[in-house]
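Q: Take this structure, written in structure tokens, and hold onto it; I'll ask about it next.
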Amino acid sequence: MTKEELASFARVPAFGADELTKRLIVEKQGPIGWIVFNNPERRNAISVDMWEALPKALDRFEVDPDIRAIVLAGAGDKAFVSGADISQFDQARADSAGVQRYEEIAEGAQLRLQEYERPVLAMIRGYCLGGGLNIALACDLRIAADDVRIGIPAARLGLAYRASSTKNLVDAVGPANAREVLLTGRQFGAMEAHAMGLVNRVVPAAALQDAVLDYCGMFADNAPLTMRAAKRIIRELLKPHADFDAAACRRYVKECFESADYAEGRRAFKEKRRPNFSGK
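Position 169 of the sequence shown, counting from 1, maps to 252 under the numbering used here, and the rest follow consecutively.
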């Protein structure tokens with residue numbers, strides 16, 4: 084599916100009038116589920132209600148068979164997510180109990196994002212800091228505009244980055260680059276971020292949405308079971324050797340070979356046409 088075909092679909096509210104939170108815009112555009120962090124007056128800093136709403140939005144998209152990809156973005160052109168909403172710290176993270184509750188909510192949202200079965204793409208403009216980078220690293224792909232400023236300023240705030248988030252960072256950029264990100268607390272420009280693996284691709288800001296729609300078009304055309312198997316197997320490969328489930332990986336491969344989509348893929352190849360995959 085081309086970006087022009089995808090752009091022909093209107094973006095409409097995905098779930099009717101019942102809002103998860105006004106700070107999270109959830110829309111459907113054909114086969115794309117859009118989740119937009121909507122706190123522009125604070126450069127889309129993520130608040131507790133946004134953390135809580137994120138997995139609920141993913142849950143609702145998951146039961147829609149038409150959705151083939153999820154895109155996470157920030158409202159406006161100043162930021163993807165500029166970090167946690169510090170204005171809530173005195174209320175939500177002032178004592179050990181509050182910190183523990185906040186970490187559990189954020190950890191749950193991060194895990195739901197990482198384990199989501201369909202492709203998830205982060206469309207990044209402007210600031211992507213702290214919790215914003217945490218969210219982006221939990222996505223499958225990160226497409227960034229050339230105006231991005233990416234980093235984790237935890238060392239400047241006196242807080243620690245939790246182990247699961249640090250692992251995602253290390254998995255993406257390696258331990259040496261992870262040390263530079265965390266120990267310096269500095270912001271990285273687009274080219275540095277791309278070179279170390281923080282983002283997959285950098286494009287001019289004016290071309291960012293077209294680039295994202297190109298990727299979504301590829302996701303929409305591909306076999307859902309194959310993409311799901313790829314995501315599951317990659318997750319297994321990132322586990323410690325003792326936890327690796329080889330039998331599960333073989334099962335994921337077998338499911339693809341036994342699917343109607345595999346038969347459709349072979350027919351389409353012989354007939355020299357685009358396959359019409361159903362995810363079955």
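For every residue, glycine included, the Cβ atom is placed at its ideal position computed from N, Cα and C. Remember, it's a predicted structure, so these values are computed and weren't measured experimentally.
By a C-beta neighbour count over all protein chains shown, 10 Å radius and 16 as the cutoff for buried, is H324 buried or exposed?
A: Stepping through the sequence shown from its first residue, residue 324 is reached at position 241. Exposed, by the Cβ-count rule.
Q: Restricting to Cα atoms, I'd like to know which of P258, A238, E145, V253 is closest to V203.
A: Taking the sequence shown and counting its residues from 1, one reaches residue 203 at position 120. Of the candidates P258, A238, E145, V253, the one whose C-alpha sits nearest the C-alpha of V203 is E145.
Q: Could you tell me how far apart the beta carbons of A288 and D230 are, in whole angstroms, since I believe they sit closer than 8 Å?
A: As a working mapping, residue 288 is identified with position 205 in the sequence shown. As a working mapping, residue 230 is identified with position 147 in the sequence shown. Sure, about 5 Å apart at Cβ, within 8 Å.
Q: Compute the Euclidean distance between the alpha carbons of L155 and L194, then round it to the nearest angstrom.
A: Indexing the sequence shown from 1 puts residue 155 at position 72. Indexing the sequence shown from 1 puts residue 194 at position 111. So the two alpha carbons sit approximately 15 Å from each other.
Q: Between L266, A192, I226, F92, which has its C-alpha nearest P236's C-alpha?
A: One-based indexing of the sequence shown puts residue 236 at position 153. The residue with the shortest Cα to Cα distance from P236 is L266.
Q: Starting from M206, trace the beta strand (DSSP E) in both directions and tell me its first and last residue.
A: As a first step, residue 206 must be located in the sequence shown, where it is residue number 123. That run of the beta strand (DSSP E) goes 203-207.
Q: Pull up the distance between the alpha-carbon of G348 and that of K363, whole angstroms please.
A: By 1-based counting over the sequence shown, the position of residue 348 is 265. By 1-based counting over the sequence shown, the position of residue 363 is 280. Cα to Cα, the separation comes out at about 12 Å.
Q: Judging by CA-CA distance, which residue of R284, M133, A152 is the nearest neighbour of G166?
A: Within the sequence shown, residue 166 is the residue found at index 83, counting from 1. Among R284, M133, A152, the Cα nearest to that of G166 is on M133.
Q: On the premise that G234 lies in contact with R269, defined as a C-beta separation below 8 Å, what is that separation, rounded to the nearest angstrom?
A: Start at 1 with the first residue of the sequence shown, and residue 269 comes out as number 186. Start at 1 with the first residue of the sequence shown, and residue 234 comes out as number 151. Between G234 and R269 the Cβ distance is about 6 Å, and since that is below 8 Å, they are a contact.
Q: When burial is assigned at 16 or more other CB atoms within 10 Å of the CB, is G257 buried or exposed?
A: Locating residue 257 in the sequence shown gives position 174, where the first residue counts as 1. G257 comes out exposed.
Q: In chain order, what residues of the same chain have a beta carbon less than 6 Å from the beta carbon of A238, not counting five sequence neighbours either side?
A: Taking the first residue of the sequence shown as 1, we reach residue 238 at position 155. Counting only Cβ-Cβ distances below 6 Å, and skipping sequence neighbours, we find G268.
Q: Measuring straight from C-alpha to C-alpha, what distance separates M301 and I129?
A: Translated into the one-based positions of the sequence shown, residue 301 becomes position 218. Translated into the one-based positions of the sequence shown, residue 129 becomes position 46. Distance between the alpha carbons of M301 and I129: 30 Å.
Q: Taking just the CA atoms, how far does I316 sit from S361?
A: Counted from its first residue, the sequence shown places residue 361 at position 278. Counted from its first residue, the sequence shown places residue 316 at position 233. Computed Cα separation, rounded: 21 Å.
Q: Can you name the residues that DSSP bridges to V95?
A: Taking the sequence shown and counting its residues from 1, the one referred to as residue 95 is at position 12. Answer by DSSP bridge pairing, in chain order: K111.
Q: Would L196 and I218 be called neighbours here (beta carbons separated by less than 8 Å)?
A: Sequence index remark: in the sequence shown, residue 196 carries index 113 (1-based). Sequence index remark: in the sequence shown, residue 218 carries index 135 (1-based). It is a contact, given that the beta carbons lie within the stated cut-off.
Q: Can you tell me where the alpha helix (DSSP H) holding R195 begins and where it ends?
A: Within the sequence shown, the letter at position 112 stands for residue 195. Note, R195: alpha helix (DSSP H), 179-197.
Q: With burial defined as no fewer than 16 other Cβ atoms inside 10 Å of the residue's Cβ, what is the status of A343: buried or exposed?
A: Here the question's residue 343 lines up with position 260 in the sequence shown. Counting Cβ neighbours within 10 Å, A343 comes out exposed, since fewer than 16 surround it.
Q: Should I207 and A180 be called a contact, given that it needs their Cβ atoms to be closer than 8 Å?
A: Translated into the one-based positions of the sequence shown, residue 207 becomes position 124. Translated into the one-based positions of the sequence shown, residue 180 becomes position 97. The answer is no: Cβ separation not under 8 Å.
Q: Can you name, in chain order, every residue of its own chain whose Cβ lies under 7 Å from the Cβ of E110, other than the five neighbours on each side?
A: Indexing the sequence shown from 1 puts residue 110 at position 27. Excluding positions up to five away in sequence, the list reads R94, V95, P96, A97, W117.
Q: Below 8 Å between beta carbons: does that hold for R125 and D160?
A: Looking up residue 125 in the sequence shown gives position 42. Looking up residue 160 in the sequence shown gives position 77. No. Outside cutoff.
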